[in-house]
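Residue numbering for the sequence shown follows this note's numbering, starting at 5 and increasing by one per position. Note that the Cβ used here is the ideal one computed from N, Cα and C, for glycine as well.
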Amino acid sequence: MEIIDYVTLCTCLISISAYGFIKSRQNANEEQSAHATMVGSGVSVWSATLSVCSGFISSISLLGFPAEIYYQGGMMLWFVPMYAIAFPIVAFVFLPVLYNLKLTTIYEMILYNSVALYAPSLAIASITKIPITISIFITAFISAVYISIGGAKAGIHTSAVQMALIFLTMAFIITISLREMSINDVYTNVVRGRRLILDDFRLDPTIRHSVWSLLIGGTGNILALFAANQLSIQRYMAMDSLKSAQKVVILNIVCNTVILILYVLLGFVIYAYYHNCHPQIENANQLLPQFVTDVISQYPGSVGLFAAAVYSAGISTLSASFTAVSSIAINDVWKVYREYKKQPDLTNSQVQKAMRILQMCSLTSNHTQVSLELVSPLLSYSSLTTSQELKAAARTQQEAML
């Protein structure tokens, strides 16, 4: 990375953090426990939509999906009709029950936070050539600063800005890449490499991607992520009405479709570029950073923009995750314990302080260690998209309970 890239990276991160800080100060006079746990805090529909989308369109998918398309082809385009099936189920079956219960917490898997911390660290380490260990600690530190200066409600607004940055960066990379090759070249190489096969209707369960596995399994995955996940529920509860929350879910069909198409296009472009000579990388998750370094690094600030997008995606997910974990600890543990001991209810200031302390502690302590000792060896042999599949399978119990 050149100096201009570091300037671009720092400018993007500081600007987003400043935006979150301003939003948190605007809400300083509204410091209620409801805002800390996001119940009915009155966030706009589009901000919540982009924020919900950014919760799972993170650095995990930003690195994993283009690599999956590169190696396995474009069958994942079948996710588009799957979105049209799954999201209405979330909006009109699950959400009315959850919203009317005014839930503040729901089960959340801790492993996801570790993967979310590892993914942007891996990308930055690949670009800057610094050790992955140092990159993880740097990412954890930046996330800690990001969380400390903004509240939960401000986090939704900043997540929306970060999602917009991801859209912009993906479109920028694809546009610049098409200057190196024509659309016809991309199409020819993709077809020749059998990456555009979209009609695999086989019922064989051992096939990695078939129409049935993507439609049926993908629907279960969406239900797990958007109907039985603390990150999503927390944002639905931020809406003033059930109708607004349902709009957020339905609009995610559009957001997820657009980002999926960008992922597929990027995967095709990368394949067309490397079709004669695959890059020498340690694992598939380094494919996109390597492509950015090889192709668009000649444009000043472009690598910094990509790094900012990866960091924004990771930090957005991490901040939402640790706010969710903190909310669970307060509402499901501390408040229950105080009720058991017949102690008075928590004051607003106590809730606010507890949220900050729990967010910082959970981020800076055990998740860095988990990322180093558990996630890194696991992801050396598989794409980050696999983590989505593992988490979805593990959440099946929660769906059944709901």
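- DSSP places M167 in the helix class (H, G or I) of the three-state scheme.
- With a cut-off of 8 Å on Cβ pairs, the stretch 301-316 is not in contact with the stretch 90-106, counting fewer than three such pairs.
- Rounded to whole angstroms, the gap between the alpha carbons of Q234 and R196 is 43 Å.
- For V215, same chain residues with a beta-carbon under 7 Å away, outside a window of 5 residues either side, are W82, D204 and F205 in chain order.
- Rounded to whole angstroms, the gap between the alpha carbons of M80 and I20 is 32 Å.
- The shortest C-alpha to C-alpha distance from I201 to any of G318, I64 and I73 is the one to I73.
- Note on geometry: alpha-carbon atoms of S248 and T132 lie some 43 Å from one another.
- Pairing I177 with A123 gives a Cβ-Cβ distance that is not under 7 Å.
- The beta-carbon distance between M86 and G222, rounded to whole angstroms, is 4 Å. This is short enough to meet the 8 Å contact definition.
- By the neighbour-count criterion, in which a residue is buried when 16 or more other Cβ atoms sit within 10 angstroms of its Cβ, S163 is buried.
- Under the three-state reduction of DSSP output, R206 falls in the coil class, being neither helix nor strand.
- One Cα belongs to S51, the other to M167, and the distance between them is close to 10 Å.
- In this structure, R239 sits away from V94, with a CB-CB distance that is not shorter than 7 Å.
- Annotation for D298: the continuous alpha helix (DSSP H) segment containing it runs L291 to V299.
- Residues of the same chain with their beta carbon placed closer than 6 Å to that of V262 are lacking, with the five preceding and five following residues left out of the count.
- If you draw a straight line from the Cα of P92 to the Cα of Q347, it comes to about 42 Å.
- Distance from the CA of F96 to the CA of F171, rounded to the nearest whole angstrom, comes to 28 Å.
- About 6 Å separates the Cβ atoms of V49 and V252, confirming a contact at the 8 Å cut-off.
- For the 7 Å CB-CB criterion, A311 and L17 do not form a contact.
- For the pair I134 and Y191, the Cα-to-Cα distance works out to about 36 Å.
- By the neighbour-count criterion, in which 16 or more other beta carbons inside 10 Å mark a residue as buried, R212 falls on the exposed side.
- Assigned with DSSP and collapsed to three states, Q347 falls in coil, not helix or strand.
- Look at D244 here: in three-state DSSP terms it is coil, with no helix or strand label.
- A check of alpha carbon separations from S245 across A88, P70 and P100 identifies P100 as the nearest.
- In the structure shown, the three-state DSSP call for K133 is coil.
- Cα atoms of S130 and I285: separation of roughly 9 Å, rounded to the nearest angstrom.
- Under the three-state reduction of DSSP, Y267 is assigned to helix.
- Within a 10 Å sphere around the beta-carbon of Q290 sit 16 or more other beta-carbons, which makes this residue buried.
- Restricting attention to F98, Q76, L169 and P70, the CA atom closest to the CA of I319 is found in L169.
- Assignment of M185 by DSSP, reduced to helix, strand and coil, places it in the coil class.
- In this structure, Y23 places its C-beta atom within 7 Å of the C-beta atom of V165.
- Within the stretch 65-108, the complete alpha helix (DSSP H) segments of 4 residues or longer fall at 83-93 and 99-105, listed in chain order.
- Distance between L292 and V340, taken at the CA atoms: about 46 Å.
- In this structure S186 does not touch V299 by the C-beta definition: roughly 15 Å separates them, more than the 8 Å allowed.
- Counting along the chain, the unbroken alpha helix (DSSP H) around A52 starts and ends at V49 to F60.
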